[in-house]
Amino acid sequence: MKNLNRRDFIGKTGLAAAGIMGASSLREVFASSTGAKKKVALVGTGVRGLGMWSKPVLAEFSDIVEFVGLSDINEGRLKYAQEYLGGNIPIYGDFDEMMKATKPDILIVSTVDATHSDFIIRGMELGADVVTEKPMTTDEEKCQAILDTERKTGKKVTVTFNYRYSPHRQKIYEILRSGDIGDITSVDFHWYLDIHHGADYFRRWHRLVEKSGSLWVHKASHHFDLLNWWLESEPETVYALGDLEHYGKNGEFRGETCRSCAHKHDCQFHWDITKSEHLTRLYVNNEKYDGYHRDGCVFRNDVNIWDKMAATIHYANKVNVSYSLTTYSPYEGYRICFNGTKGRLDAWIKESGAMERPAYDEIMVNYNFGEVEYIQIPQSAGHGGGDRRLRDRIFRAPESEDKYRQSAGSRDGAMAILIGVAARKSIASGKAIRIEDLTDLKPRAKKA
Ligand SMILES: NC(=O)c1ccc[n+]([C@@H]2O[C@H](COP(=O)([O-])OP(=O)(O)OC[C@H]3O[C@@H](n4cnc5c(N)ncnc54)[C@H](O)[C@@H]3O)[C@@H](O)[C@H]2O)c1
Numbered sequence: 321m322k323n324l325n326r327r328d329f330i331g332k333t334g335l336a337a338a339g340i341m342g343a344s345s346l347r348e349v350f351a352s353s354t355g356a357k358k359k360v361a362l363v364g365t366g367v368r369g370l371g372m373w374s375k376p377v378l379a380e381f382s383d384i385v386e387f388v389g390l391s392d393i394n395e396g397r398l399k400y401a402q403e404y405l406g407g408n409i410p411i412y413g414d415f416d417e418m419m420k421a422t423k424p425d426i427l428i429v430s431t432v433d434a435t436h437s438d439f440i441i442r443g444m445e446l447g448a449d450v451v452t453e454k455p456m457t458t459d460e461e462k463c464q465a466i467l468d469t470e471r472k473t474g475k476k477v478t479v480t481f482n483y484r485y486s487p488h489r490q491k492i493y494e495i496l497r498s499g500d501i502g503d504i505t506s507v508d509f510h511w512y513l514d515i516h517h518g519a520d521y522f523r524r525w526h527r528l529v530e531k532s533g534s535l536w537v538h539k540a541s542h543h544f545d546l547l548n549w550w551l552e553s554e555p556e557t558v559y560a561l562g563d564l565e566h567y568g569k570n571g572e573f574r575g576e577t578c579r580s581c582a583h584k585h586d587c588q589f590h591w592d593i594t595k596s597e598h599l600t601r602l603y604v605n606n607e608k609y610d611g612y613h614r615d616g617c618v619f620r621n622d623v624n625i626w627d628k629m630a631a632t633i634h635y636a637n638k639v640n641v642s643y644s645l646t647t648y649s650p651y652e653g654y655r656i657c658f659n660g661t662k663g664r665l666d667a668w669i670k671e672s673g674a675m676e677r678p679a680y681d682e683i684m685v686n687y688n689f690g691e692v693e694y695i696q697i698p699q700s701a702g703h704g705g706g707d708r709r710l711r712d713r714i715f716r717a718p719e720s721e722d723k724y725r726q727s728a729g730s731r732d733g734a735m736a737i738l739i740g741v742a743a744r745k746s747i748a749s750g751k752a753i754r755i756e757d758l759t760d761l762k763p764r765a766k767k768a
């Protein structure tokens, strides 16, 4: 590949100047000048609650944030979380008790997906703004209930779409907005989960539609949110297909957990959780409280989600998207292409696999009747650097300029999951599903 015209990423995107890093808002100045810290509580002390929403928050924002409470249904995991976070944060088995005793300004929700709506709704009713992990929820009824409660209480829901914050995806957003490839007419978007990360969903609660909404919601809602954000439009109609052909009942043998399995020496998916002290203390040692096995067999007969999925999504601005998700690929990553009236943008991200990951992610822009441009974005850790930048936005500078419109609220959370909900309904009915039939949100051609 010839590098004909490489743009200077930092210079052109103004990443550092975008206000996310080091900027101060009135709210921030007020908080630090009066010494009043934001009171934050967390429900769901699993690996994400600890690794994304408490340990780093304590390390990065202790000047402006006070952690007032932790809650989880699993008593042992909750006690471990308290110890892991230094031993001082009060813990509550009862969520309402925590909310009433600590009165947090911000409640962070990082529980099992299907339970998010309970805490989002109750959290707002008890006076907090809510920051919830994706997916905002798992079906259209719960989605409507969240929207209704937000309107009723005047509190705010933020959905933590960290994928929007990676520099590479931000660069794609910027190129699309520049109009360089004209109006977007269609998108090809194909995501590959590998035989490690992809398989991991089939070990855990994610394998059950009733807990995760299936990967259409749990995983693909990340991708659907990216599409909604990149296109600055909302989905109108979804037609989908899906199968379970690899994991679950398709295995030649099965056990209950990898630890106890008679086939551990033959199974390519065998995984020894006890090699991680953190995961052993978080999950294995606390199985006695809820019977949950973090290292469940990927071939259990109760797996009821799809492992191969494809959808056609029609947007209100007339863009057609061809999407697929595969869960047993030899490498992890995605390919995306935006077809425009003046050219085409291609990106191919490889996050794992036999081939070494390059030091940069690339974007290729082909102009109709013109030249080709290659843009290289340096790699960074934590979902492409997105996790850290998202936390900065939420805790450090929530009201600073949002040049790339990366903050996401309940409408964004809804539009992302509703594509997945529509996909499930389309598979069940064999018909295309209209998003406007799912909640009271009417898809907009141009995002407000
Ligand atoms: N944005 C991302 O990149 C990203 C990455 C990983 C996970 N997540 C999200 O974070 C959330 C947590 O994921 P995880 O991997 O930490 O899962 P996990 O299973 O490790 O943790 C979930 C926790 O919720 C608790 N819980 C379940 N039901 C509860 C209830 N009714 N009341 C109180 N606590 C309850 C469990 O005991 C557990 O401790 C999920 O919503 C997931 O989708 C997001």
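The sequence shown begins at 321 in the working numbering and counts up one residue at a time.
Even glycine gets a Cβ: it sits at the ideal position worked out from N, Cα and C.
Pick from the options: whose alpha carbon is nearest that of residue i?
| i | options | result |
| --- | --- | --- |
| Thr-600 | Asp-392, Ala-401, Ser-374 | Ala-401 |
| Gly-663 | Asp-468, Asp-503, Leu-758, Glu-395 | Asp-503 |
| Gly-706 | His-542, Thr-759, Leu-398, Val-477 | His-542 |
| Ile-495 | Gly-660, Phe-415, Val-479 | Gly-660 |
| Val-604 | Gln-726, Met-735, His-583, Thr-577 | Thr-577 |
| Asp-622 | Glu-597, Cys-463, Arg-524, Ser-749 | Arg-524 |
| Leu-370 | Gly-389, Ala-717, Ala-736 | Gly-389 |
| Arg-708 | Ser-374, Ile-515, Glu-417 | Ser-374 |
| Thr-530 | Asp-757, Val-741, Ile-753, Ser-391 | A quick correction: the sequence has Glu, not Thr, at residue 530. Of Asp-757, Val-741, Ile-753, Ser-391, the residue nearest in Cα terms is Val-741. |
| Tyr-687 | Asp-500, Asp-712, His-585 | Asp-500 |
| Arg-713 | Asp-545, Val-479, Arg-489, Ile-695 | Val-479 |
| Asn-570 | Ala-582, Ile-593, Cys-617 | Cys-617 |
| Glu-597 | Val-367, Lys-358, Leu-665 | Val-367 |
| Tyr-483 | Leu-758, Arg-731, Ile-753, Arg-725 | Arg-725 |
| Ile-625 | Lys-462, Ala-540, Glu-461, Glu-756 | Ala-540 |
| Thr-632 | Tyr-654, Ala-743, Thr-594 | Ala-743 |
| Lys-670 | Phe-658, Gln-699, Val-685 | Gln-699 |
Less than 8 Å separating the beta-carbons of residue i and residue j?
| i | j | result |
| --- | --- | --- |
| Ile-656 | Phe-481 | no |
| Tyr-612 | Trp-549 | no |
| Asp-433 | His-517 | no |
| Gly-562 | Lys-628 | yes |
| Phe-619 | Gly-568 | yes |
| His-703 | Ser-486 | yes |
| Leu-427 | Ala-519 | no |
| Glu-556 | Lys-767 | no |
| Glu-395 | Tyr-643 | no |
| Leu-546 | Arg-614 | no |
| Leu-710 | Ala-734 | no |
| Val-363 | Ser-391 | yes |
| Ile-384 | Lys-359 | no |
| Met-790 | Val-451 | Because the chain here runs from 321 to 768, residue 790 falls outside it and cannot be looked at. |
| Thr-365 | Leu-398 | yes |
State the Cα-Cα distance for the pair residue i and residue j, rounded to the nearest angstrom.
| i | j | result |
| --- | --- | --- |
| His-590 | Arg-579 | 9 Å |
| Tyr-512 | Ile-411 | 39 Å |
| Val-377 | Thr-435 | 23 Å |
| Glu-607 | Ile-683 | 45 Å |
| Arg-677 | Leu-467 | 41 Å |
| Lys-751 | Tyr-559 | 7 Å |
| Asn-637 | Thr-505 | 9 Å |
| Glu-470 | Ser-727 | 17 Å |
| Ser-649 | Asp-514 | 4 Å |
| Arg-793 | Val-641 | No statement about residue 793 is possible, as the shown extent of the chain runs from 321 to 768 and does not include it. |
| Ser-749 | Arg-574 | 31 Å |
| Lys-723 | Arg-497 | 11 Å |
| Arg-327 | Tyr-694 | Here the model assigns Arg-327 a pLDDT of 41, short of 50, so the residue's position is not dependable, and the following value carries that caveat. Roughly 8 Å separates the two Cα atoms. |
| Trp-536 | Ser-746 | 12 Å |
| Ile-737 | Phe-387 | 29 Å |
| Asp-586 | Lys-476 | 50 Å |
| Ala-582 | Ala-717 | 52 Å |
| Ile-753 | Glu-565 | 24 Å |
| Asn-408 | Glu-380 | 17 Å |
| Ser-382 | Thr-473 | 29 Å |
| Gln-588 | Ala-448 | 46 Å |
With 8 Å set as the bound, which would you pick, yes or no: does the beta-carbon of residue i sit closer than that to a beta-carbon of chain D?
| i | result |
| --- | --- |
| Val-558 | Note that chain D does not occur in the displayed structure, where there is just one protein chain. |
Determine the extent of the beta strand (DSSP E) in which residue i is found, giving its start and end residues.
| i | result |
| --- | --- |
| Asn-654 | Note that residue 654 corresponds to Tyr in the displayed sequence, not to Asn. Tyr-654 -> beta strand (DSSP E) spans 653-660. |
| His-634 | 628-635 |
| Tyr-404 | Not the beta strand (DSSP E): Tyr-404 falls in the alpha helix (DSSP H), residues 395-404. |
| Pro-698 | 692-698 |
| Ser-783 | Any question about residue 783 goes unanswered here, given that the chain covers just 321 to 768. |
| Phe-387 | 385-391 |
| Asn-452 | In the sequence as displayed, the identity of residue 452 is Thr instead of Asn. Where Thr-452 is concerned, the enclosing beta strand (DSSP E) stretches over 449-452. |
| Glu-460 | Counting along the chain, Glu-460 falls outside any beta strand (DSSP E), though it belongs to the alpha helix (DSSP H) covering 460-473. |
| Pro-555 | 555-563 |
I'd like the span of the alpha helix (DSSP H) that includes residue i, first residue to last.
| i | result |
| --- | --- |
| Gly-733 | 730-749 |
| Phe-381 | 375-381 |
| Tyr-521 | 517-523 |
| Tyr-512 | Not the alpha helix (DSSP H): Tyr-512 falls in the beta strand (DSSP E), residues 504-514. |
For the 8 Å Cβ check, are there 3 or more pairs between the stretch 411-425 and the stretch 451-458? no
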